[in-house]
Structure formats: structure tokens, C-alpha cells
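K.L.:
First, the structure itself, so that you have it in front of you.
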Amino acid sequence: MSERFIAEHIKTLKPSGIRRFFDLAQSMEGVISLGVGEPDFTTPWSVIEASYHSLERGFTAYTPNAGLLTLRQSISRFLDTRFQVRYQPEDEVIVTVGASQSIDLAFRAILNPGDEVIVMEPSFVSYIPTITLAGGVPVIVDTYEKDAFKLSKEAVEAAITEKTKAILICSPNNPTGAVLSREDLIGISDVIKGHDLLVISDEIYADLLYDDTYTSMASMEGMKERTLLVSGFSKAFAMTGWRLGYVCGPKDLIAQMLKIHQYTIMSAPTMAQYGAIEALENGLSEVEMMKESYKQRRNYVVKALTRMGLSCHVPGGAFYVFPSIKSTGLSSSDFAEQLLMEEKVAVVPGSVFGDSGEGYIRCSYAASMKQLTEAMDRISRFLDKLKAKE
Amino acid sequence: MTEKALEMLRLLEKNAAYSNELLADLLAISVDEVKVLRKELEDQAVILGYQTLIDWTKVLNTELVTAMIEVKVTPTRGKGFDQVAERIYRFKEVKALYLMSGGYDLSITIEAQSMMEISRFVSDKLSTLDSVMSTVTHFILKKYKHDGVIFDQDNDPDPRMMVTP
Numbered sequence: 001m002s003e004r005f006i007a008e009h010i011k012t013l014k015p016s017g018i019r020r021f022f023d024l025a026q027s028m029e030g031v032i033s034l035g036v037g038e039p040d041f042t043t044p045w046s047v048i049e050a051s052y053h054s055l056e057r058g059f060t061a062y063t064p065n066a067g068l069l070t071l072r073q074s075i076s077r078f079l080d081t082r083f084q085v086r087y088q089p090e091d092e093v094i095v096t097v098g099a100s101q102s103i104d105l106a107f108r109a110i111l112n113p114g115d116e117v118i119v120m121e122p123s124f125v126s127y128i129p130t131i132t133l134a135g136g137v138p139v140i141v142d143t144y145e146k147d148a149f150k151l152s153k154e155a156v157e158a159a160i161t162e163k164t165k166a167i168l169i170c171s172p173n174n175p176t177g178a179v180l181s182r183e184d185l186i187g188i189s190d191v192i193k194g195h196d197l198l199v200i201s202d203e204i205y206a207d208l209l210y211d212d213t214y215t216s217m218a219s220m221e222g223m224k225e226r227t228l229l230v231s232g233f234s235k236a237f238a239m240t241g242w243r244l245g246y247v248c249g250p251k252d253l254i255a256q257m258l259k260i261h262q263y264t265i266m267s268a269p270t271m272a273q274y275g276a277i278e279a280l281e282n283g284l285s286e287v288e289m290m291k292e293s294y295k296q297r298r299n300y301v302v303k304a305l306t307r308m309g310l311s312c313h314v315p316g317g318a319f320y321v322f323p324s325i326k327s328t329g330l331s332s333s334d335f336a337e338q339l340l341m342e343e344k345v346a347v348v349p350g351s352v353f354g355d356s357g358e359g360y361i362r363c364s365y366a367a368s369m370k371q372l373t374e375a376m377d378r379i380s381r382f383l384d385k386l387k388a389k390e
Numbered sequence: 001m002t003e004k005a006l007e008m009l010r011l012l013e014k015n016a017a018y019s020n021e022l023l024a025d026l027l028a029i030s031v032d033e034v035k036v037l038r039k040e041l042e043d044q045a046v047i048l049g050y051q052t053l054i055d056w057t058k059v060l061n062t063e064l065v066t067a068m069i070e071v072k073v074t075p076t077r078g079k080g081f082d083q084v085a086e087r088i089y090r091f092k093e094v095k096a097l098y099l100m101s102g103g104y105d106l107s108i109t110i111e112a113q114s115m116m117e118i119s120r121f122v123s124d125k126l127s128t129l130d131s132v133m134s135t136v137t138h139f140i141l142k143k144y145k146h147d148g149v150i151f152d153q154d155n156d157p158d159p160r161m162m163v164t165p
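Quick mapping for you: the protein sequence lines, in order, are chains H and Z. The letter at position 221 of the first sequence is residue 221 when you use the UniProt record's numbering, and the numbering goes up by one with no holes. The letter at position 82 of the second sequence is residue 82 when you use the UniProt record's numbering, and the numbering goes up by one with no holes.
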């Protein structure tokens, strides 16, 4: 056994709770999966074509560490027109391997051992391990269904200690779909400014907002200088497999992050970067089309789950619903496992997104209407059977 | 037209089989509101019909021959192209008819049981119209995509993994 070679802090790192569930679902036939955290659309054809064309022209070399300047210029224009935040493409933007790498870069660049980072939960499974790996200490702030899973400024204030360095915010949130409005952001940003903290704002779902216009944390007064805006192409442009994201922020901080990026990654994949330019320049009409479709499916799934008697807040963005299954008396992992075994529908137990996700399941509605209507029928039948057993 | 009406039209254009109940859920309005909207759109002849897209090549002995015919015509004084267009579109085998810019005037899509039948249509009915000056017939060999739907799409199972974060 090679265990003696493994670092102690890696041995204690827990594998994602999603993994076990993935293995189970993957081994079965005829499963409808609502467990997928990515779009059901394929990448817009013009983006694929642009990337293909770049390969044909032989653009297969490294790009500058921070990414192609043309792409950074497109990102800068896009953020300006869409969210009214201005970044200098030359020195305030880094193109990364997915938004995940941006988050990793951010924590590695800012954390001294023992520095605390406030993270809201339920949240994306990578945040806490990324903080831990960078030597930081995650401080969890739970969010609740009664508040539509929004982070409150009071909860942030209460979690701050003298060791707090930063706070990570994700809106719209995976898995809850919760969205922080401009008013929410005003409250939270006041607290952040008051305690001189940095914000890592994961805005990967910013373009998938259904009932409102999006407000970026970086656009709030006095926040740009203390915000790392993280986003990418995966969700809005249906480009998950391309692994392309970006981070924008204050020049001096970006310069430090770029050092890590340059030594560990060199540059993000070149062909993906060419595709991404096309996505930003000409892909927005497809984003709008996909967004309308997600919104309709969200409306349908929320209605269908509510009719079954599962309470379900209406998520303002992303493509997940996060219904409560507390009425069944089952734990979220038991619920998900039984649903999978008995009715072959895969959902993700809320508990994998943090302790406060217990009692909930995450259903992605990035699936076809045919799959969704069938899945809703199966879940309804499953609930009826549970009731009959009582 | 309201945003909801437009959204409903976009949905029905893609799938005419959506029930009122499902449309109500998708649009987040009541079933009654859907019924009212639908009736208005039908009454205003915005919605002209509900059709099903069928790949007849998969049904034995039902294959039809489709051709597209380019037609040059002399427009009629006072009526322009409309009069001759009407004489053409009234034939039941004419599936579509468009007035075109460019090298010819009318584009006809025609469906029939056999090539012979189409050639009879062209020689007996179309070319004999006074205002028709010339025709060029193109037979369709294979349909790849029709009305936005790709034919013969491999029924590829979802390429995504079952569960991802």
C-alpha cells in the first residue's frame, strides 16, 4: 500500500457525498436523472464551429497566461454592458480552467494559515475543501427555506471574527437557486466594508436569472476594490466540458493570482478560448432562448412538486429546485436512495451541500420536458407508496 | 401582444401537443387563462393549425416524393403575383408556395406519390398556366432537417453523467 506517501491533510479530506450516489445511479438502467449540475443543451453550434475553425487555422499553441487578450476584452465588454462593472482587460482579468480554478486561485492567493472564510450553506460542494486545501478555515453560515435560502447581513455579521479574511457568496446559488437582490447586497456589502473583508463572488449563474435583473456584487458602491468576480462559460453558454471560466478583480490581487496560475496551469485551453470569444460576441440570443426554456421548466417543476405536497420555494435563478422532503420523515440521503432504487429517479440529497441541506433534495430541471414529466410522475408515485406504508 | 401570449406561441410552435394544463404550469398562469389566450390567438388566426411532424420514411409504403419547383411568371396587371399564386396554391399537392427575390419568382414545394405524378403536375397543370414562363424542378433526395427538427438524429442517450455537483 502506498498510504505512507499520502499527505495527512489529504487523508482527512472527505470525498464528495455526491460520489457514492453517482456510483449507485451509474450502475442502474433506465434511470431519469435530475441529478445533473449542467445544462441539457449542447453548446451553441457557432461556438463549436469557431473553436473548430481555430484548430483548422492551427491555433494550437499556448496563449498568454491570463488568456487571449481578445477574449479578455470580450469578457470586459460583456460584464460592462450586462452588469455595469468595468475591468481592464490588460491586468484585471484571468481566464481560468473553469470557474472552479478561479476560486482555487483566489483562496490560494489570499489565505494565510488559519485565516477564516465565511461560506453560506447549502452550497456547491467544492468551496469548503478548496478553502481547507489552501490552509484556510471555513466558517459556515446556514441559510434557511423560510428566508428563501438568502444570506442575511445579520448572519454574516455574527460569523465575523478577527481572523475573518473573506466571504464567499454565490448568487444565484447552487443548490437552492436563491438570489440576492440589490437590497440584500447593500446590507451585506455594508457589513463587508465595515470589517474590511474581501468577497469572492461566484456569479457563474448570473445569466440564468428569471424574475429580475442581475446585480453583481462588484457593481455595488465601494465593492469593486474588494471583490473577486468569478464567472465562466459553463452554465449560461452550456459549455461545461470546455472548462473555461474567469476571474476579475483589483489589479494587484490579480497579479498575485496570475503567478500561481502561470506556474500551475500556464494558460487555459486555447481552442476553448476561441470558442468563448464567439460565445460572448454572438451567443447571447441562444442564452436568452435557453433561459426562457429553463424558466418554463422551473415553473412546471415547482408546480408539480407543490401539488405532490412537497414545499418548494421558487428559485430565482440557476436550474435547480430544492424542495423539502421533511414531511416524509426520511433523511435526504435515504429519500434519494429509495427514490432511485424504487422509481429510478436520481436526485441529489441536500445533505451533500452542507448540514443545513438535510431534509431537502436537489432536483435539476435541466432535462427535457419528456424526462421531467416522467420524473414527476415517478416521484409522485413514490410519495404515494411512502404514504401507504405509514 | 402580451409577453405571455408570445411565450405560449413559441412553446406551441415547438410542440403543438402541449396540453392546456402543462402550458399553464410552464407559463405560470392558470388553465383558464391559457384557454382564453389560446382562443384569442385562434380567433385572430395567429394560430392557424396544429400539425405533427412525421418522418414518413420510417413508415413502410407511405413514402412520398417531394420536389421544389422554381417558377418564373409574368405578373398580372393590377394583381401582381397574387393571382397566379392563388391558381397554384389551390392545388392540394402544393404544400408550400413562396414569392421569392432573386433569379425566379415563385418557389413551390410539392408532394406526390411518385415522380411521374409530379412531372404530370408540372407539364399538365403548372406549365400550361398562361403567366408561367418557365419551371425548374428539383427533387428532394433526403431530408436532414425540417421546420427546425433534425431527422435521423441518433437517439443518443443523454451524454451527461448521471450525477454531477
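We put the beta carbon where it would ideally sit given N, CA and C, even for glycine. These numbers come from a predicted model, not from an experiment.
For residue 17 of chain Z, which residues in chain H fall below 8 Å Cβ to Cβ?
P.N.:
In chain order: nothing, as chain H lies at least about 10 Å away.
K.L.:
What residues from the segment 292–316 of chain H come within 8 Å of chain Z, judged by C-beta to C-beta, listed N to C?
P.N.:
Legend: CB atoms of the segment 292–316 of chain H lying less than 8 Å from CB atoms of chain Z belong to residues 292, 296, 297, 299, 300, 303, 304.
K.L.:
For residue 297 of chain H versus residue 365 of chain H, is the C-beta spacing smaller than 8 Å?
P.N.:
Pairing residue 297 of chain H with residue 365 of chain H gives a Cβ-Cβ distance under 8 Å.
K.L.:
Excluding the 5 residues preceding and the 5 following residue 31 of chain H in the sequence, name in chain order all residues of the same chain whose CB lies nearer than 8 Å to its CB.
P.N.:
25, 340, 344, 345, 346
K.L.:
Note down, in chain order, every chain Z residue with its Cβ under 8 Å from the Cβ of residue 391 of chain H.
P.N.:
Limits of chain H in this structure are 1 at one end and 390 at the other, which puts residue 391 of chain H out of reach.
K.L.:
Tell me the DSSP bridge mates of residue 145 of chain Z?
P.N.:
Z:150
K.L.:
Determine the chain Z residues that contact residue 38 of chain H at a beta-carbon separation under 7 Å, and present them in chain order.
P.N.:
By Cβ distance, chain Z contributes 160, 164.
K.L.:
Would residue 248 of chain H pass as a contact of residue 87 of chain H if the rule is Cβ separation under 8 Å?
P.N.:
yes
K.L.:
Are any of the Cβ atoms in chain Z nearer than 8 Å to that of residue 25 of chain H?
P.N.:
Output row for residue 25 of chain H: interface = yes.
K.L.:
Select from H:123, H:70, H:384, H:16 the residue whose C-alpha is nearest the C-alpha of residue 173 of chain H.
P.N.:
H:123
K.L.:
Taking residue 201 of chain H as the reference, give the member of H:57, H:218, H:292 with the closest Cα.
P.N.:
H:218
K.L.:
Kindly list, in the order they appear in chain H, the residues whose Cβ is closer than 8 Å to that of residue 25 of chain Z.
P.N.:
299, 300, 303, 304
K.L.:
Relative to the alpha-carbon of residue 14 of chain Z, which residue among Z:36, Z:51, Z:39, Z:74 has its alpha-carbon at the smallest distance?
P.N.:
Z:51
K.L.:
State the beta-bridge partners of residue 40 of chain H as determined by DSSP.
P.N.:
Its beta-bridge partners do not exist; DSSP assigns none.
K.L.:
Counting only runs that start and end within the segment 260–334 of chain H, where is the alpha helix (DSSP H) found for 4 or more residues in a row?
P.N.:
Runs of the alpha helix (DSSP H) inside the segment 260–334 of chain H: 270–282, 284–307.
K.L.:
Which one of H:325, H:238, H:304 has the shortest CA to CA distance from residue 373 of chain H?
P.N.:
H:304
K.L.:
Closer than 8 Å, CB to CB, is residue 41 of chain Z near chain H or not?
P.N.:
no
K.L.:
Could you tell me the distance, in whole angstroms, from the CA atom of residue 274 of chain H to the CA atom of residue 51 of chain H?
P.N.:
Going from the Cα of residue 274 of chain H to the Cα of residue 51 of chain H covers about 5 Å.
K.L.:
Among H:149, H:280, H:159, H:187, whose alpha-carbon lies nearest the alpha-carbon of residue 323 of chain H?
P.N.:
H:149
K.L.:
Suppose contacts are defined by Cβ-Cβ distances below 8 Å. Is residue 1 of chain Z in contact with residue 35 of chain H by that definition?
P.N.:
no
K.L.:
Measuring alpha carbon to alpha carbon, tell me which residue in H:384, H:362, H:380 is nearest residue 33 of chain H.
P.N.:
H:362
K.L.:
Counting only Cβ pairs nearer than 7 Å, list the residues of chain H close to residue 28 of chain Z.
P.N.:
Going along chain H in sequence order, the residues near residue 28 of chain Z (Cβ under 7 Å) are 299.
K.L.:
For the segment 135–143 of chain Z against the segment 83–103 of chain Z, are there 3 or more C-beta pairs whose distance is under 8 Å?
P.N.:
At 8 Å Cβ cutoff, the stretches do not touch.
K.L.:
Could you please tell me which residues of the segment 79–91 of chain Z, in chain order, have their CB closer than 7 Å to any CB of chain H?
P.N.:
none
K.L.:
Could you tell me if residue 302 of chain H is buried or exposed, where buried requires 16 or more neighbouring beta carbons within 10 angstroms of its beta carbon?
P.N.:
Residue burial is scored here from C-beta neighbours: residue 302 of chain H has at least 16 other C-beta atoms within 10 angstroms and is therefore classed as buried.
K.L.:
In three-state terms, what does DSSP make of residue 163 of chain H?
P.N.:
coil
K.L.:
At a cut of 8 Å, does the segment 190–206 of chain H reach the segment 99–112 of chain H through at least three beta carbon pairs?
P.N.:
yes
K.L.:
Roughly how many angstroms separate the alpha carbons of residue 36 of chain Z and residue 371 of chain H, rounded to a whole number?
P.N.:
Straight-line spacing of the CA atoms in residue 36 of chain Z and residue 371 of chain H works out to 28 Å.
K.L.:
Cβ of residue 137 of chain H within 7 Å of any heavy atom in the ligand ZN?
P.N.:
Of the ligands one can find in the structure shown there are none, so the ligand ZN has no counterpart to examine.
K.L.:
Can you tell me whether residue 350 of chain H is helix, strand or coil according to DSSP?
P.N.:
helix
K.L.:
According to DSSP, simplified to helix, strand and coil, what is residue 86 of chain Z?
P.N.:
helix
K.L.:
List the residues of chain Z whose Cβ lies closer than 7 Å to the Cβ of residue 58 of chain H, in chain order.
P.N.:
Near residue 58 of chain H there are no residues of chain Z at all, since even the closest Cβ is about 28 Å away, more than 7 Å.
K.L.:
Can you tell me which of H:4, H:278, H:38, H:13 puts its alpha carbon nearest to the alpha carbon of residue 48 of chain H?
P.N.:
H:278
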